[in-house]
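S.K.: Using the working numbering, read the sequence shown as starting at 48 and increasing by one per residue.
All C-beta atoms in this analysis are idealised placements derived from N, C-alpha and C, irrespective of residue type, glycine included.
Dumping the structure here so I can ask a few things about it.
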Amino acid sequence: MDYLLKVLGSGGSKTKTNATVSLQIADNMLIDAGNIFQKYEFDTNKIEHVFISHSHFDHILELPFLIENGFTTRTKQLHIYGLQDTIANIKKFMFNDYIWPDFSLIPLLTTGEKSIVFNEIEFGTTLYINDISITPIPANHIVPTAGFVIEKNDRAFALSSDTYLNNDFWKTINENRKIDTVLVEISFESALNGLAQISKHLTPQLLDRELEKLKRDDLEIYIYHVKESSIPAVTEELKNYSNLKKFDVKFLPEQL
Ligand SMILES: [Zn+2]
Ligand SMILES: [Zn+2]
């Protein structure tokens, strides 16, 4: 794997030009399912592992089609990973036979194995898949939410997931020197700090304050999950706050 991650979607909206979050960390492994089909470059039946940060719709919305498209020829089980609440919500509100069939009960036609396997993950418990280690870490959002530390090829990156102020996230980054790259959410411009507080998201001003918690300056920091209507103002604001300038904080590019 010659990439740290490929971005299938990194926005906070679903519009003609903004796609919700999905990150490819190996050819068969994704974090979040907001935008797979438009960008994934292989047959999606190759995808075996999807880590879901939390149950909000922008992060789960293509899961039904990920298992349904190509179902008759799929040979690999689809493993969906999430916190206990996340898995419970996906089962209860999505794969419940009302919104979409409960594929965890439907066998693959090719192998007879169950087509979806739900896997609960816990904060601080590392999973190892294809030479990649992935550790869920707490986020501060309106539903139970996992950020992640992902290590591969002696490098590591930290992903905040949807979050408001989060001391644990910056502590993890201070303590794990393998982490050289940070992906942190910003959803709105700072004029919407009130909305950010209610919905538990960040703005440039809040991130500028969060960066005071860092005890290192050797990091690449990228923002993602910006709502489409907030992109122009956030772009301007990245130039205006001292810590954002100091760390040269940028929008997440297509690949790292
Ligand atoms: Zn959310
Ligand atoms: Zn979101």
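I'd like to know whether the C-beta atoms of Ala193 and Ile233 end up nearer to each other than 8 Å.
M.R.: It is not a contact, given that the beta carbons lie outside the stated cut-off.
S.K.: Please report the straight-line C-alpha distance between Phe315 and Lys292, rounded to a whole angstrom.
M.R.: The displayed coordinates of the chain run from 48 to 303. Any statement about residue 315 would go beyond what the structure contains.
S.K.: Leaving out five residues before and five after Gln302 in sequence, what residues of the same chain have Cβ atoms less than 6 Å from its Cβ?
M.R.: Cβ within range, chain order: Tyr50, Lys53.
S.K.: Pro209: beta carbon under 7 Å from a heavy atom of ligand 2?
M.R.: Checking the displayed sequence, the identity of residue 209 turns out to be Asp instead of Pro. It does: the Cβ of Asp209 is within 7 Å (strictly closer) of some heavy atom of ligand 2.
S.K.: Taking DSSP as the reference, what is the three-state secondary structure of Leu113?
M.R.: Helix.
S.K.: In the DSSP assignment, what residue or residues form a beta bridge with Leu70?
M.R.: Val54, Ile78.
S.K.: For Asn305, does the three-state DSSP call read helix, strand or coil?
M.R.: Nothing in the structure corresponds to residue 305, since the chain is present only between 48 and 303.
S.K.: Please determine if the region 71-84 and the region 111-123 are in contact, where contact requires at least 3 C-beta pairs separated by less than 8 Å.
M.R.: Yes: the two stretches touch, three or more of their Cβ pairs being nearer than 8 Å.
S.K.: Can you tell which of Asn290, Ile184, Tyr271, Asn287 has the C-alpha that lies nearest to the C-alpha of Leu55?
M.R.: Minimum Cα distance to Leu55 is reached at Tyr271.
S.K.: Here's the rule I'm using: 16 or more other beta-carbon atoms within 10 Å means buried, otherwise exposed. How should Gln71 be labelled?
M.R.: Buried, by the Cβ-count rule.
S.K.: Give me, in chain order, the residues of the same chain whose beta-carbon lies closer than 6 Å to that of His248; leave out the 5 immediate sequence neighbours on both sides.
M.R.: Once the five neighbours on either side are set aside, the close Cβ partners of His248 are Ser234.
S.K.: Taking all protein chains shown into account, decide if Ser289 is buried (16 or more other Cβ within 10 angstroms of its Cβ) or exposed.
M.R.: So Ser289 ends up on the exposed side.
S.K.: Among His188, Pro300, Lys262, which has the Cα closest to the Cα of Trp217?
M.R.: Per the Cα distances, Lys262.
S.K.: When the cut-off is 8 Å and only beta carbons count, does Asp255 lie next to chain C?
M.R.: Protein chain content of the structure displayed is limited to a single chain, and chain C is not contained in it.
S.K.: Just to confirm, does Asp255 get its C-beta within under 7 Å of one of the non-hydrogen atoms of ligand 2?
M.R.: Checking every heavy atom of ligand 2 against the Cβ of Asp255, none is found closer than 7 Å.
S.K.: Indicate the three-state DSSP secondary structure (helix, strand or coil) for Val281 in the structure shown.
M.R.: In the structure shown, Val281 sits in a helix (DSSP, three-state: H, G or I).
S.K.: According to DSSP, simplified to helix, strand and coil, what is Pro191?
M.R.: Pro191: coil per DSSP, three-state reduction.
S.K.: Any heavy atom of ligand 2 closer than 7 Å to the beta-carbon of His272?
M.R.: Checking the Cβ of His272 against ligand 2 gives yes.
S.K.: Quick one: what does DSSP say Leu108 is sitting in, helix, strand or coil?
M.R.: Coil at Leu108, not helix or strand.
S.K.: Output the residue ranges of the alpha helix (DSSP H) runs that lie fully inside the region 204-280 and measure 4 residues or longer, sorted by chain position.
M.R.: Complete alpha helix (DSSP H) runs here, min 4: 214-222, 240-246, 251-257.
S.K.: With DSSP collapsed to three states, give me the class of Phe298.
M.R.: The answer is strand: DSSP assigns Phe298 an E or B state.
S.K.: Identify every run of the beta strand (DSSP E) within the region 144-202, keeping only runs that are complete inside it and at least 3 residues long; order them along the chain.
M.R.: Runs found: 163-167, 174-176, 179-185, 193-199.
S.K.: Cα separation between Glu222 and Thr172?
M.R.: C-alpha separation (whole angstroms): 16 Å.
S.K.: Name the residue from Glu95, Ile78, Ser102, Asp74 whose alpha carbon lies nearest to the alpha carbon of Phe89.
M.R.: The shortest C-alpha separation from Phe89 is found at Asp74.
S.K.: Which term fits Arg121, buried or exposed, when burial requires 16 or more other beta carbons within 10 angstroms of its beta carbon?
M.R.: Under this definition Arg121 is a buried residue.
S.K.: Assign Lys297 to buried or exposed, taking buried as 16 or more other Cβ atoms, counted over all protein chains shown, within 10 Å of its Cβ.
M.R.: It is exposed - the Cβ of Lys297 has fewer than 16 other Cβ atoms within 10 Å.
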